[in-house]
Amino acid sequence: MIEIFMKNLLKTSLTGSIIIILILILRKTLFKRYTSAFNYYIWLAVILKMIMPFKIPIYIPEKISNTFQHAPNNVKTIIESGISLNESMKIKNSPNIITDSYPIENYFTILFYIWLIVSVIFLAYHIISYIIFNNKIKHFTYDIPDSKIRNIYSELLVEMNIKRKISLKFCRGISTPLGIGIFNSCILIPSVLYNTQELKYILKHELMHYKKYDMMYKLLVLIISSMHWFNPIVYVMCREINKDCELSCDEAVLKKSDMEERKLYASALVNSLRLNKNNAVKQNLITGFNNKNILKGRLKNMLNFKKRKKGVVVVLLVMTLTAVSLISVNIFAQNDISQKNNVTGNRELLQPKQVLENYFKYYSEKDQQHVEKLLTKEAIGPNPIWLFNYIEYIKIISINEESDPLFKNGYLSHGRGSINGVKKENVKVYRAEYDVKYIEDSVVPEENGNHTCWFYVIRKDKNSPWLIDGMGQP
Numbered sequence: 003m004i005e006i007f008m009k010n011l012l013k014t015s016l017t018g019s020i021i022i023i024l025i026l027i028l029r030k031t032l033f034k035r036y037t038s039a040f041n042y043y044i045w046l047a048v049i050l051k052m053i054m055p056f057k058i059p060i061y062i063p064e065k066i067s068n069t070f071q072h073a074p075n076n077v078k079t080i081i082e083s084g085i086s087l088n089e090s091m092k093i094k095n096s097p098n099i100i101t102d103s104y105p106i107e108n109y110f111t112i113l114f115y116i117w118l119i120v121s122v123i124f125l126a127y128h129i130i131s132y133i134i135f136n137n138k139i140k141h142f143t144y145d146i147p148d149s150k151i152r153n154i155y156s157e158l159l160v161e162m163n164i165k166r167k168i169s170l171k172f173c174r175g176i177s178t179p180l181g182i183g184i185f186n187s188c189i190l191i192p193s194v195l196y197n198t199q200e201l202k203y204i205l206k207h208e209l210m211h212y213k214k215y216d217m218m219y220k221l222l223v224l225i226i227s228s229m230h231w232f233n234p235i236v237y238v239m240c241r242e243i244n245k246d247c248e249l250s251c252d253e254a255v256l257k258k259s260d261m262e263e264r265k266l267y268a269s270a271l272v273n274s275l276r277l278n279k280n281n282a283v284k285q286n287l288i289t290g291f292n293n294k295n296i297l298k299g300r301l302k303n304m305l306n307f308k309k310r311k312k313g314v315v316v317v318l319l320v321m322t323l324t325a326v327s328l329i330s331v332n333i334f335a336q337n338d339i340s341q342k343n344n345v346t347g348n349r350e351l352l353q354p355k356q357v358l359e360n361y362f363k364y365y366s367e368k369d370q371q372h373v374e375k376l377l378t379k380e381a382i383g384p385n386p387i388w389l390f391n392y393i394e395y396i397k398i399i400s401i402n403e404e405s406d407p408l409f410k411n412g413y414l415s416h417g418r419g420s421i422n423g424v425k426k427e428n429v430k431v432y433r434a435e436y437d438v439k440y441i442e443d444s445v446v447p448e449e450n451g452n453h454t455c456w457f458y459v460i461r462k463d464k465n466s467p468w469l470i471d472g473m474g475q476p
């Protein structure tokens, strides 16, 4: 499971990087004709794509194998003979009832714990920093005594149709206006002299961040950063998102403004920066009116009267395609899960493929008790032989259901199926490919390397568990 998770995380990170680079290229060309809001929200498709491995299990569908040729005669002989699992093991094949490669699994386990530790530290650092900052500024905040400022703020709340509670306070510990808090929201402004127009624009800008749910957006960006901390391209995306956040906010505030109002807004921004005492707050979970790093871009954008396309349809299309691609992955996974949860409704009954996976797992763990629980009595045989101690590692390459009817028909007509009376619908045949290595100087009936074997999994009826009844190998 760890190996699957890490492979999907790396795959998702690589795919996300390619999409990020593509968007960055398009921003220089095609996306110039679209609004800042379009360029801001298009990143949500990337975030949705990259955050999924963290939220849901991703199951990679089995590769469609090449058309399988008829089994060699000696395979048929083993199948039809009805030889028990352990008797067959004596002949040639006992070691292949094992699973993942220990070395490879260990590598992915080490990578997983490194990834997890750094991710937790990364996320904890930013959250703790935010909590410390929030607690610290509480000592410097106080209610605004000026009724004029309170009235302006109340009018803006009504004008912008914001009904949620967002408090407004003075703060002596900052020199730039900022919004803080996702649930306990508050706008803090420094206790400096702003004229009425400047104050109105500053408050409107900060309220717009809340109206656009930018705090939640920033939280998603932080989660993505903590998940993909090893990917430098993700940091480029985060930087662009923060820039687009401010540009889209300016754009929303100035949506119906004429050039004179735009100039006043630009003047308010410049004056606010001039009053800034260079103790800007660097927090990922707050919004701020001042940002010197993107001042030039913001001024250019707000004074640009050229009409640009909204691109709503494009964003919705991209988001839909992203969602469909994720749902497709989920559908494949759901198919596997629905197989595990039989139509009988009995969720404790494992499906045949899962029985094999568990059998491999327990065999590799040398857990004889659990191994035997997954076998029929005939498969165990009177004198079972276990080769637990001779294996250095086993890597299962694939487990696929056998489509050639020869195998199932042979079992039912000439093998143990002709004796135990099992019905055709209660028999499954799987082909397992694996790579095995034995401990040096071990006396075993099989060479190191790649091998293929077939497993026969049966049940008495739909309410009975699936059990391994035999196997065969060319």
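Each residue of the sequence shown is one higher than the one before, counting from 3 in my numbering.
In this text, a Cβ means the ideal position worked out from N, Cα and C, and glycines have one as well.
DSSP places Trp456 in the strand class (E or B) of the three-state scheme.
Along the length of the stretch 201-282, whole alpha helix (DSSP H) runs at least 4 residues long occupy 216-229, 234-255, 261-277, reported in chain order. Ile225 places its beta carbon 7 Å or farther from that of Phe110.
The beta-bridge partner set that DSSP reports for Asp145 consists of Lys171. One alpha carbon belongs to Glu435, the other to Phe362, and they sit about 12 Å apart.
For Tyr395, the enclosing beta strand (DSSP E) starts and ends at 393-403.
Counting C-beta atoms within 10 angstroms of its own C-beta, Ile22 has 16 or more neighbours from the protein chains shown and is therefore classed as buried. No Cβ-Cβ contact shorter than 7 Å links Asp252 with Arg310. Under the Cβ criterion (8 Å, minimum of three pairs), the stretch 233-246 does not count as touching the stretch 128-136. Looking at the DSSP output, Gly474 sits in a beta bridge with Trp456. Following the DSSP letters along the chain, one finds Glu374 inside the alpha helix (DSSP H) bounded by residues 370-375. Lys425: not part of any alpha helix (DSSP H); DSSP gives it neither H nor E. Non-local C-beta neighbours of Leu318 in its own chain, meaning closer than 7 Å and more than five positions away in sequence, are absent.
Between Leu256 and Arg264, the beta carbon gap of about 6 Å places them in contact (Cβ cut-off 8 Å). Taken atom to atom, the span from the alpha-carbon of Phe7 to that of Asn452 is near 25 Å.
Judged by DSSP secondary structure, Leu351 falls outside any alpha helix (DSSP H); it is assigned neither H nor E. The beta carbon of Ile243 is closer than 6 Å to those of Trp45, Val223 in its chain, skipping five residues each way along the sequence.
The closest CA to that of Lys410, considering only Gly423, Val431, Glu157, Tyr392, is found on Val431. For the 7 Å CB-CB criterion, Asp246 and Tyr42 form a contact. Spanning the alpha carbons of Glu404 and Trp468 requires a straight line of approximately 17 Å.
Taking all protein chains in view, the Cβ of His207 is crowded by 16 or more other Cβ atoms within 10 Å, so the residue is classified as buried.
For Lys464, there is no enclosing alpha helix (DSSP H), as DSSP marks it with neither H nor E. Collapsing the DSSP output to three states places Glu5 in a helix. When the beta-carbon positions are compared, Phe135 and Arg174 stay at least 7 Å from each other. Per DSSP, Lys439 is one residue of the beta strand (DSSP E) stretching across 429-440. Between Phe172 and the set Leu205, Arg241, Lys165, the nearest pair of CA atoms involves Leu205.
The residue among Asn153, Asp145, Asp406, Ile154 with its C-alpha nearest the C-alpha of Cys188 is Asp145. In the DSSP assignment, Pro192 is bridged to Cys173.
Ranked by Cα distance from Lys368, the options Gly474, Ser415, Tyr392 are led by Tyr392. Counting along the chain, Leu389 sits inside no beta strand (DSSP E), nor does DSSP assign it H or E at all.
Burial state of Gln353 is buried, judged by a 10 Å Cβ sphere holding 16 or more other Cβ atoms. Note that the C-beta distance between Glu200 and Ala270 is below 7 Å.
Counting along the chain, Gly181 sits inside the beta strand (DSSP E) bounded by residues 180-182. Residue pairing by DSSP puts Thr289 in a beta bridge opposite Gly181. Going by C-alpha positions, Leu195 is about 19 Å away from Ser156. Rounded to the nearest angstrom, the gap between the Cα atoms of Lys355 and Lys220 is 42 Å.
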